[in-house]
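What follows is a short report on a single structure.
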Amino acid sequence: WVMMGVVHYDELAETSTPFIFVADRLFGVWGRWAGIVATIMASLSAFSVTLGASSRVLFALGRDRHFPASFARLHPTFNTPHVALLICAGLVVLLSGLGVVRFLASVSSFGYLIAIGVVNYSVIALHRRMPNLRRPFRVALYPLTPILGVIACWFFIPTLETRSLLLGAGLTAAGVVLYLFQPANRDELRGIPELLRRWIVRIRAHWRPHMRVLIIGGGTQGSNIADRLLKRDEFRMVFRSSEYQITFIEEDGARSEELGLRFNVPVLHGDGTKPEVLEQADLGNLDVAIAATHHDDRNTIIALQAKRLGVPRVIAVAREADHVALLEQNGVVCISAPFATAAMIENHLDRPGVADLMQLEGGVASLLDVAVPEGGVVVGKRIEAIDIPEECVVAAVIRDGEFVVPRGYTEIRGRDHVVFVGPPSAVQDAHELFSSDSRSA
32 WVMMGVVHYD
42 ELAETSTPFI
52 FVADRLFGVW
62 GRWAGIVATI
72 MASLSAFSVT
82 LGASSRVLFA
92 LGRDRHFPAS
102 FARLHPTFNT
112 PHVALLICAG
122 LVVLLSGLGV
132 VRFLASVSSF
142 GYLIAIGVVN
152 YSVIALHRRM
162 PNLRRPFRVA
172 LYPLTPILGV
182 IACWFFIPTL
192 ETRSLLLGAG
202 LTAAGVVLYL
212 FQPANRDELR
222 GIPELLRRWI
232 VRIRAHWRPH
242 MRVLIIGGGT
252 QGSNIADRLL
262 KRDEFRMVFR
272 SSEYQITFIE
282 EDGARSEELG
292 LRFNVPVLHG
302 DGTKPEVLEQ
312 ADLGNLDVAI
322 AATHHDDRNT
332 IIALQAKRLG
342 VPRVIAVARE
352 ADHVALLEQN
362 GVVCISAPFA
372 TAAMIENHLD
382 RPGVADLMQL
392 EGGVASLLDV
402 AVPEGGVVVG
412 KRIEAIDIPE
422 ECVVAAVIRD
432 GEFVVPRGYT
442 EIRGRDHVVF
452 VGPPSAVQDA
462 HELFSSDSRS
472 A
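Numbering-wise, the sequence shown is residues 32 to 472 according to my numbering.
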């Protein structure tokens, strides 16, 4: 502001030494020389700090065995990393004589902006990994401050020279590779596939098709089904094939209000057995209708009405054998296990080709029963010869209604049911492998 108050900004833009230019304008020749001396002293100060910092980086790399151990050698008298200092000084002298100072300045800016951005991100990572760590001070407005720091640093990186961006990116990639392949960091390297799988799961969650679901009956069963379908966690993000848009039909007025407030979804107040009420739910755009009242006769009427009105998939909760037989004869999927209604409906919508899926200990592990197709890619292979994820265990093989203890030499046959136990992502990989049909490949 002071310089622009003395000289117009157009004039400042035309000079490569604005500080000296303004000093000359204010104080004449003596001001110009004073500005030159001050600029030289400031440059030397910045140079010495940068040289010292760079040598410490080399020293740390040598100490941690990423570079030769000689880089970490300390001077016997001054206790400074003299080898690293000499290497950095030699590089500065060599590169300054090549006439690429401007390019080197741009590369240096790339490294500085990346490093400071990483430091800001590390504050967030450390808080998440060790939230109870005692800290000597608190970061003001956390996590806003480090997030703004990352944005502020990395926002300017694209404005640098293309050559410096390419060189900086190449050196960064080489450094990452060297770091990960160090023996002490092999665990992090082995964890990359799992990290990528988690990111893929999250990305896929945003690209799933939407399934429009009509639930008739907002009592305990209907509410449990909605809870199950709308719940979002890693377990469901792995296995879920669609994102659900739910609409309720509920006859009780008070319960209709409660459902609207609880789930924030459309609720039609009316008798779901009546066609005129069902038609108000825009049946032409529905994917599935679920009859989930507490009465088998009402569920049967609702399901048959929905089927007659053209809903592609209809599911009904029913316990009595007569109702079950009638519904199945008319192409309605019948759920008859009251204690597992919500889970079974979710399984049918997300995984119609899978016999059953259970979530163990809040999603830490899953138990999955997969039906092997006649022309499956694993048919005729021994279990030991199949590339099953390491974290996944074959718990059982059900063949023709009989239990087969799985061994390494057990051969998989078409129409076998194979039961897996493991983390959700590993079980999903096993499901895709064992349910694949070689005839469609």
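Positions of the beta carbon are idealized from the N, C-alpha and C atoms, including for glycine.
Contact set for residue i: own chain, Cβ-Cβ below 8 Å, skip 5 residues either direction
i      : result
GLU310 : LEU340
THR81  : SER139
ILE67  : ILE51
ALA65  : ALA54 and PHE58
LEU282 : Note that residue 282 is Glu in the sequence shown here, rather than Leu. Contacts found: HIS300, GLY301, ASP302 and GLY303.
ALA386 : Reliability fails at ALA386, whose pLDDT of 41 lies under 50, so the model's placement of it is uncertain and no value is given.
PRO189 : LEU196
Residue i, enclosing alpha helix (DSSP H) - first and last residue
i      : result
VAL450 : Note, VAL450: premise wrong, no alpha helix (DSSP H); beta strand (DSSP E) at 448-453.
THR331 : 327-339
ARG286 : 284-294
VAL355 : 352-360
TYR40  : 40-45
Contacting residues, own chain, Cβ-Cβ under 7 Å from residue i (five flanking each side not counted)
i      : result
GLY362 : LYS338
GLY142 : GLY199
GLU192 : PHE134 and SER137
GLY62  : ALA54 and ASP55
THR441 : ARG413, ILE414, VAL428 and VAL435
PRO99  : GLY93
LEU126 : LEU135
LEU358 : THR331, ALA334, ALA347, ALA349 and CYS365
Proximity winner among the options, relative to residue i (alpha-carbon distances)
i      : options                           : result
GLU351 : VAL208, ASN330, THR190 and ARG169 : ASN330
ILE333 : ARG344, GLU359, LYS305 and LEU357 : LYS305
ILE256 : VAL348, ILE145, LEU117 and PRO189 : VAL348
GLY250 : PRO437, LEU226, MET242 and LEU290 : LEU290
VAL244 : ARG286, GLY284, PRO297 and ILE231 : PRO297
THR278 : ALA402, ILE417, GLY253 and ALA461 : GLY253
ASP328 : ALA356, ALA312 and GLU307         : ALA356
THR111 : PHE212, ALA100, PHE90 and GLU288  : PHE90
ASP447 : ASP468, VAL403, ASP460 and ALA204 : VAL403
ARG96  : ASP218, GLU282, GLN276 and LEU211 : LEU211
MET242 : ARG444, PRO214, LEU314 and THR190 : LEU314
VAL452 : VAL424, ASN151 and VAL410         : VAL424
SER195 : ARG444, THR176 and LEU144         : LEU144
ARG166 : LEU175, LEU172 and VAL154         : VAL154
ALA320 : GLY93, GLY445, GLY284 and TYR275  : TYR275
PRO420 : HIS462, SER287, ARG430 and GLU405 : HIS462
ASP400 : ALA115, SER466, CYS365 and LEU226 : SER466
Residue span of the beta strand (DSSP E) that contains residue i, given as start and end
i      : result
ALA347 : 344-348
PHE102 : Segment: none, PHE102 is in no beta strand (DSSP E) and carries neither H nor E.
GLN213 : Taken as a continuous stretch (DSSP letters only), GLN213 belongs to no beta strand (DSSP E), as it is neither H nor E.
GLU433 : 433-435
HIS241 : 241-247
ALA323 : Segment: none, ALA323 is in no beta strand (DSSP E) and carries neither H nor E.
ALA426 : 424-430
VAL364 : 364-366
Coarse secondary structure for residue i, derived from DSSP in three states
i      : result
ASP418 : coil
GLN276 : strand
GLY303 : coil
ASP258 : helix
CYS184 : helix
ALA371 : Because the pLDDT at ALA371 is just 44, under 50, the model does not fix this residue reliably, and the value given afterwards should be weighed accordingly. The answer is helix: DSSP assigns ALA371 an H, G or I state.
LEU398 : strand
LEU464 : helix
GLU310 : helix
ARG194 : helix
ARG413 : strand
GLY407 : strand
VAL207 : helix
VAL458 : helix
VAL298 : strand
PHE270 : Its pLDDT being 44, under 50, PHE270 is placed unreliably by the model, and the measurement read from it follows with that caveat. The answer is helix: DSSP assigns PHE270 an H, G or I state.
Cβ-based neighbour list, residue i, same chain, cut-off 6 Å, excluding 5 preceding and 5 following
i      : result
GLY148 : VAL181, CYS184 and TRP185
ALA322 : ILE247, ASN330, ILE333, ALA334 and ALA347
HIS106 : HIS113
LEU220 : LEU211
ASP258 : none
VAL345 : ALA320, ALA334, ALA337, LYS338 and VAL363
What ranges does the alpha helix (DSSP H) occupy inside the stretch 113-160, keeping only unbroken runs of at least 4 residues that lie completely in it? 113-127 and 132-160
At which residue ranges does the stretch 45-70 contain complete alpha helix (DSSP H) runs of 4 or more residues, listed in the order of the chain? none
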